[in-house]
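Engineer: Numbering (full-length UniProt numbering), first residue to last: 1 to 373.
#1: Is the beta carbon of residue 339 closer than 9 Å to that of residue 350?
#2: Count the other CB atoms, across all protein chains shown, that sit within 10 Å of the CB of residue 320; report buried if there are 16 or more and exposed otherwise.
#3: Taking C-beta to C-beta, are residue 280 and residue 336 nearer than 9 Å?
#4: For residue 171, I'd like the list of residues in its chain whose CB is within less than 6 Å of its CB, leaving aside the five on either flank, ordered along the chain.
#5: Which whole-angstrom value is the C-beta distance of residue 22 and residue 89, which I expect to be below 8 Å?
#6: Do residue 265 and residue 112 have their beta-carbon atoms positioned less than 9 Å apart in this structure?
#7: Going residue by residue through the segment 103-184, where are the continuous beta strand (DSSP E) segments of at least 3 residues, counting only ones entirely within it?
#8: Apart from the five residues just before and just after residue 121, which ones in its own chain have a Cβ nearer than 6 Å to its Cβ?
#9: Spell out a yes or no on whether the segment 100-112 and the segment 222-241 are touching, meaning 3 or more CB-CB pairs, one atom from each, closer than 8 Å.
#10: When the distance is taken between beta carbons, is residue 51 closer than 9 Å to residue 82?
#11: Within the continuous beta strand (DSSP E) that includes residue 87, where are the two ends?
#12: Give a yes or no on contact between the segment 245-253 and the segment 192-200, applying the rule of three or more CB pairs nearer than 8 Å.
#13: Which residues does DSSP list as the beta-bridge partners of residue 449?
#14: For residue 192, name the three-state secondary structure that DSSP assigns.
#15: On a CA-only basis, which of 129, 63 and 77 is nearest residue 84? Give me that one, please.
#16: Is DSSP giving residue 229 helix, strand or coil here?
#17: Among 125, 230 and 173, which has the Cα closest to the Cα of residue 159?
#18: At 4 residues or longer, what runs of the alpha helix (DSSP H) sit wholly inside the segment 241-289?
#19: With burial defined as no fewer than 16 other Cβ atoms inside 10 Å of the residue's Cβ, what is the status of residue 118: buried or exposed?
#20: Would you kindly report the start and end of the unbroken alpha helix (DSSP H) that includes residue 336?
#21: Any contact between the segment 13-29 and the segment 65-75? By contact I mean 3 or more CB pairs, one from each, below 8 Å.
#22: Going by DSSP, what residue range makes up the alpha helix (DSSP H) through residue 358?
#23: According to DSSP, simplified to helix, strand and coil, what is residue 198?
#24: Going by DSSP, what residues sit across from residue 34 in a beta bridge?
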C-alpha cells in the first residue's frame with residue numbers, strides 16, 4: 001500500500017489492488033481509497049463507505065473532483081457521514097490497463113464489463129474495508145454510464161447484497177424492448193477500433209482534444225486528470241515498436257470497443273435491476289441532454305476514419321431513460337433526478353453539481369422526482 005494526499009483538500013489517498021480470474025487468468029484492478037485523517041478509527045466515526053465505478057474509456061481518478069467537493073460538503077455538515085470513498089479501475093482501463101497489458105494483449109477482446117463487476121465485488125469482500133460493523137456502517141455504490149452496469153452485475157456475486165443503496169448516474173441500462181442496434185450505435189461500434197489514439201506529446205494531445213467534443217466541455221480539473229491518467233507513454237505492449245515516441249490512450253481502443261459488443265450484459269443488468277429494485281434503494285440521476293450516442297460518435301469520428309458518415313439524425317436516449325423509470329414498468333426507485341445542465345458525460349462536465357446531488361441522496365434529501373439546475 002502506498003499513500004499520497006490531494007493538495008486542494010488534504011484528502012489522504014491510499015492505493016490497493018484486487019485480483020479477479022473471471023476468464024481463468026488473473027487481472028488486477030487498482031483501487032484508490034480516499035479518507036480524512038483519522039476517519040477509520042472507531043465505530044463512532046462517519047458511517048458511509050462509498051465505491052465509485054467509472055464509465056467506458058475513463059479511469060478511477062476521474063471521480064476526484066466530485067469526491068473533493070463531496071468531502072467538503074460533508075465536512076460542513078453538523079454530523080459528517082462519509083467514512084471513506086473508494087474508486088477503482090476496470091481491469092482494461094486506466095492504470096490497471098497498464099499493469100494488465102500483457103494479459104490483455106494475449107487475450108484481446110475477452111475482458112468486459114463483467115470483469116469490472118467482479119472487481120467491485122472483490123473489493124467489498126477484501127480485508128481492505130477495515131472493521132466495518134454491518135449494523136452501523138453503510139456501503140453505497142455509485143456508477144456512471146457503463147459503470148452502472150458493472151455496479152448492478154456486482155450484486156450477483158453475493159448471496160446477501162452488502163450494499164445499503166445504489167446511485168446510478170446517466171445509466172446506459174435499458175429494457176429488452178429498447179434496441180441499441182441503430183445506425184448511430186453501429187457508427188460508434190465500427191469506428192472505435194480506428195479512432196485516433198496516439199499523439200507526439202501530452203501537449204499535442206491536449207491541443208487536439210481541447211477544441212473537440214466532448215473534451216472541450218469538460219471541467220478543467222477533470223481534463224487535466226485525463227491527460228495524466230488517460231494517456232501513457234509509447235511504446236506499449238499493443239505498440240511495441242521502440243522507435244515510436246509520444247503518448248497513447250491508457251485504455252486501448254480495442255478494449256474500449258469491446259464495451260460496445262456485449263449487448264447481453266446490458267440486458268443482464270436490466271433484469272438484475274428488476275430483481276432488486278423492490279428491496280434495495282436505487283437513486284437515478286440523469287443529465288439534461290440525452291446525448292450518449294452523440295457523444296460517442298464525436299469521439300469516434302476522427303481524421304483516421306472521416307470517410308464514415310454521421311447519421312443525419314442521431315437517436316435520442318430519452319425514450320430509453322423514461323421507459324426505465326416509468327411507474328407502469330413496476331420498478332421502484334428511491335429518487336429520480338433530472339439535472340438542468342450537461343449531457344451523458346455529466347461527471348466530466350459538472351463534478352460539483354454531481355457531488356451536490358450525490359450528497360442529497362446520502363442525506364435523504366433527494367426527492368422522488370426532481371429537476372435540479
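For glycine and all other residues, C-beta sits at the position ideal for the given N, C-alpha and C.
Structural biologist: Reading from the atomic positions:
#1: yes
#2: buried
#3: no
#4: 148
#5: Incorrect: roughly 15 Å between the Cβ atoms, too far for contact.
#6: yes
#7: 138-144 and 165-169
#8: 154 and 157
#9: yes
#10: no
#11: 82-88
#12: yes
#13: What the structure shows of the chain is the stretch from 1 to 373, and residue 449 is not part of that stretch, so it cannot be assessed.
#14: helix
#15: 129
#16: helix
#17: 125
#18: 253-258 and 263-276
#19: buried
#20: It is not in any alpha helix (DSSP H) - residue 336 instead sits in the beta strand (DSSP E) that spans 335-339.
#21: no
#22: 351-362
#23: strand
#24: 13 and 85
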